[in-house]
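S.K.:
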Amino acid sequence: MTEEQLPHLGLDMTRVIDRRVYTDPLIYKTEMTQIFARTWQFVAHESELQGPGDYISATIGEQPIILCKNRDGALNAFYNACTHRGAVLTTKRKGNCGAAFRCMYHGWTFDQEGRCIGVPYPDAYGQGFTRDVYDIPSIRVETFAGLVFVSLDGEAAPLEEYMGEAGPYVREVVEGTESLGRVRWAYDGNWKSWHENFADNYHPEFTHPVVGTGYRGIEVQGNNYWLDEGHGMLRFPPQRDPQRIVAAMRETSGLENNISDNPLWQRPPFDVDFKQDHRIITVFPNMDLQFMTGGMMNIIQVLRPQAVNRTVVELLALGTKGESGTAREWRLERTLDSQASSGKVSGDDNEAVVRCQMGFAASAVPWSNMSRGQGSGNVGEKRDEYSMRSFYNAWRRYMGEHAL
Amino acid sequence: MQGGNDNCEGQIRALMFECARLVDHQRFREWLDLFTDDGSYSAITYENNQENGLYLFKDDGKESLKERVTFLMGFWQVGRGKTLHTLSNISITPLQDDEATASSYFVIYRTGDDGVTRFHACGEYEDHLVRQECRWLFKRRKAIVDNGVLPSHFTDLI
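Those protein sequence lines, which keep their order, are chains A and B.
Add 230 to the 1-based position in the first sequence for our numbering, that's all there is to it.
Add 524 to the 1-based position in the second sequence for our numbering, that's all there is to it.
(1) Look at B/L619 and B/F552 and say whether their C-beta atoms are less than 7 Å apart.
(2) So, does the CB of A/K551 fall closer than 7 Å to a CB anywhere in chain B?
(3) Quick one, which of A/S593, A/R480, A/E553, A/H425 has its alpha-carbon nearest A/Q520's?
(4) What residue ranges within the stretch 543-576 of chain A form continuous alpha helix (DSSP H) runs of no fewer than 4 residues, ordered along the chain?
(5) Considering only their Cβ atoms, is the gap separating A/V413 from A/A570 smaller than 7 Å?
(6) What in chain B is Cβ-close to A/Y622, meaning under 7 Å?
(7) If we ignore side chains and look at the alpha-carbon of each, how far apart do B/D680 and A/S368 end up?
(8) My assumption, with CB atoms under 8 Å, is that A/L485 sits in contact with B/T594. Please give the rounded CB distance.
(9) Chain B beta carbons: is any one of them nearer than 7 Å to that of A/V318?
(10) Measuring only the C-alpha atoms, how far is A/G525 from A/P467?
(11) Which one of A/G607, A/R250, A/Y285, A/Q264 has the shortest CA to CA distance from A/D458?
(12) Any idea what DSSP makes of A/A582, helix, strand or coil?
(13) Quick one, which residues of the stretch 661-680 of chain B are near chain A if we go by CB-CB under 8 Å, in chain order?
(14) Could you name the residues of chain B that A/P668 contacts, counting a contact when the two beta carbons are closer than 8 Å?
(15) B/R545 to A/V543, Cα distance in whole Å?
(16) Would you say B/W555 reaches chain A, if we count a Cβ-Cβ gap shorter than 7 Å as a contact?
(17) Taking only beta-carbon positions, decide if B/K582 is within less than 7 Å of chain A.
(18) Flag this pair as yes or no: are the beta carbons of A/N528 and A/L548 separated by less than 7 Å?
(19) DSSP three-state label for A/R361, please.
(20) Quick one: is A/V542 near chain B, going by C-beta distance under 7 Å?
(21) Going by DSSP, what residues sit across from B/G647 in a beta bridge?
(22) Is it right to say A/G603 is buried, meaning 16 or more other beta carbons lie within 10 angstroms of its own, or is it exposed?
(23) Give me the chain A residues within the contact set of B/V593, using Cβ-Cβ distance strictly less than 8 Å, ordered along the chain.
(24) Does any residue of chain B bring its CB to less than 7 Å from the CB of A/Y417?
(25) Relative to the C-alpha of A/H508, which candidate in A/L464, A/L494, A/Q531, A/V476 has its C-alpha closest?
(26) Can you pull the chain A neighbours of B/S588, defined as C-beta to C-beta under 8 Å?
(27) Any idea what DSSP makes of A/I366, helix, strand or coil?
(28) Buried or exposed for B/E571, going by 16 or more other Cβ atoms inside 10 Å?
(29) Applying the criterion that 16 or more other CB atoms from any shown protein chain within 10 Å of the CB defines a buried residue, is A/F266 buried or exposed?
(30) As a quick exercise: from B/E650, B/R642, B/R634, B/D622, pick the residue whose alpha carbon is nearest that of B/R664.
(31) With DSSP run on the structure shown, which of helix, strand or coil describes B/F678?
(32) Going by beta carbon distance, what residues of the same chain come within less than 6 Å of A/E435, once the five residues before and after it are set aside?
(33) What residues in its chain sit with their C-beta under 7 Å from that of A/R558, if we drop five residues either side in the sequence?
(34) With distance defined between alpha-carbon atoms, name the residue in A/T407, A/L562, A/I296 nearest to A/G552.
(35) Quick check on DSSP: helix, strand or coil for B/D561?
(36) Determine whether the beta carbon atoms of B/G605 and B/T569 lie at a separation below 7 Å.
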């Protein structure tokens, strides 16, 4: 389809999306090479790798990698594949390799940087055999405010530059945090749908009754930002009006609610600046951060595509370094209450993206509209879609001739 | 235990089966009544239960439980799937006359709006039970979910 076929929509291709980007296996395969292999990909918070030999494995695009801390404290990344016959060196998502990874197939060993340090019975390979030829290719690693990224493409811009306008906003909310743990869930939908949902503040009052009925009649101000390099951001003031939400809950269930006896509505046992904005940042192409009111709930989500219509979301919950035991306990018990596929908010987001994937099969309805916010500039009101268009602007650039 | 261990264990088993039945038939208000006023209901993945204690959710007290029921009754738009809980390996440990702990395995199947029934989740319940006015209730129910990758529809009661 071309731009000439669009006049009936009254929009150009920067404001509508051809839905084949969510359904075409060839486009998906191309995304893996043109985008996932060429961008910076979040793998871990550095607090998740404490000592020598600690590692986290991940799949970047479709390629298995290992991020490992060596005895000098440096982080190294290399492919999770034995150079002998190809078996992955670990199937675990994290662990400690000790001094080396030992392949379970023929016993070849690789140190914490992926160098081949052991080959059983090497004499049979002849005199020309050298082990270093079998070092596992290394992968670029850089850290930003404690967040560890890798890039399979040696040509990617430095991470600081790549973060672009999103960098200062990310740094402000991430610095001083550490990992609380992870959860994962899978949904039947394209990876971009979840990322778009994060950049979308048009949906909450309709998708989430807790927002729609809880804030009925109240217009919460907010902004939607196009940040350069494909990133985006939403900011809005704290939305915390328990009495209205409780009234809406009573309307729904008929149950009397007494929030003074409900710990979910009590102030947390740490200082919260209730004047700080709620911030959602989307980092191109597959990373989303959400920092709620004064750091009450801090999460990072990264999308791991499994197929064109199947995605795993990995959620990393964050706490504040050095916080008290009671503060940490509060975060461990409350952070995910609204999040993940069991969450009081995200549960409905999962439903939305799954329904979208089902609807994408209707070939007579080939376009998605992302044109909200017609003003010039890079910032619109909260229901505008500047951040989505920033994403697709970068998506087209990375996809090049493969873009629709 | 007053009334004899066998009798009490039978009543506790009956409570656990009743809980599964009420959940599967989406009788959420009656499910509420299976908890003490200070009752706690929580879920956590096996991995996080072993490592860091990061809960999926933790509802402490009747008011928190009522909030969950409200979400189940329409504050979520997610369709309520028909679930089927099966319980096994029930082990009950009496503590005092009116108090016991229990563990059990659960396997949950879920039938979606598409009519397809799929394996949903499995794991283990850790329960703390008390008897109040001749009736056994959950003082604490913790569902430890084996799934390392959760399903996308995971708002039904576990």
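Ideal placement from N, C-alpha and C gives every residue a C-beta, glycine not left out.
M.R.: Quick answer:
(1) Taking 7 Å as the cut-off, the Cβ atoms of B/L619 and B/F552 do not count as close.
(2) Judged by the 7 Å Cβ criterion, A/K551 is not in contact with chain B.
(3) Closest by alpha carbon: A/H425.
(4) Every alpha helix (DSSP H) stretch that sits fully inside the stretch 543-576 of chain A and reaches 4 residues is listed by chain position as 555-564.
(5) For the 7 Å CB-CB criterion, A/A570 and A/V413 form a contact.
(6) When 7 Å is used as the limit between beta carbons, A/Y622 is near no residue of chain B, the shortest such separation being about 24 Å.
(7) Here the C-alpha atom of B/D680 lies approximately 44 Å from the C-alpha atom of A/S368.
(8) Yes, they are in contact, since the Cβ atoms of A/L485 and B/T594 sit about 6 Å apart, within 8 Å.
(9) The beta carbon of A/V318 does not come within 7 Å of any beta carbon belonging to chain B, so the residue lies off that interface.
(10) Distance between the alpha carbons of A/G525 and A/P467 is about 13 Å.
(11) The shortest Cα separation from A/D458 among A/G607, A/R250, A/Y285, A/Q264 belongs to A/G607.
(12) Residue state, collapsed to three classes: helix.
(13) Shown in chain order are the members of the stretch 661-680 of chain B whose Cβ falls below 8 Å from a Cβ of chain A: G672, V673, L674, P675, S676, H677, F678, T679.
(14) Shown here, chain A extends from 231 to 634; a query on residue 668 of chain A therefore has no answer.
(15) B/R545 and A/V543 have their C-alpha atoms spaced approximately 31 Å apart.
(16) Answer no: the Cβ-Cβ gap between B/W555 and chain A never drops below 7 Å.
(17) Answer yes: the Cβ-Cβ gap between B/K582 and chain A drops below 7 Å somewhere.
(18) Contact: yes.
(19) The answer is helix: DSSP assigns A/R361 an H, G or I state.
(20) It does; some Cβ of chain B falls within 7 Å.
(21) For B/G647, which the question treats as bridged, DSSP gives the partners B/F630, B/V669.
(22) By the neighbour-count criterion, in which 16 or more other beta carbons inside 10 Å mark a residue as buried, A/G603 falls on the buried side.
(23) Within 8 Å of the CB of B/V593, the CB atoms of chain A belong to S483, L485, in sequence order along the chain.
(24) Among the CB atoms of chain B, one or more fall inside 7 Å of the CB of A/Y417.
(25) Of the listed residues, the one whose Cα sits closest to A/H508 is A/L464.
(26) Those are N492, P493, L494, listed as they occur along chain A.
(27) Of the three classes helix, strand and coil, the one that applies to A/I366 here is coil, per DSSP.
(28) It is buried - the Cβ of B/E571 has at least 16 other Cβ atoms within 10 Å.
(29) Around the beta carbon of A/F266, 16 or more other beta carbons lie within 10 angstroms, which makes this residue buried.
(30) Nearest C-alpha to B/R664: B/E650.
(31) Of the three classes helix, strand and coil, the one that applies to B/F678 here is coil, per DSSP.
(32) Taking A/E435 as the centre and dropping the five residues before and after it, the same chain places the C-beta of V441, G442 closer than 6 Å to its C-beta, in chain order.
(33) Answer for A/R558: G549, listed in chain order.
(34) Of all alpha-carbon atoms in A/T407, A/L562, A/I296, the one lying nearest the alpha-carbon of A/G552 is that of A/T407.
(35) In this structure, B/D561 counts as strand in the three-state DSSP scheme.
(36) In this structure, B/G605 sits away from B/T569, with a CB-CB distance that is not shorter than 7 Å.
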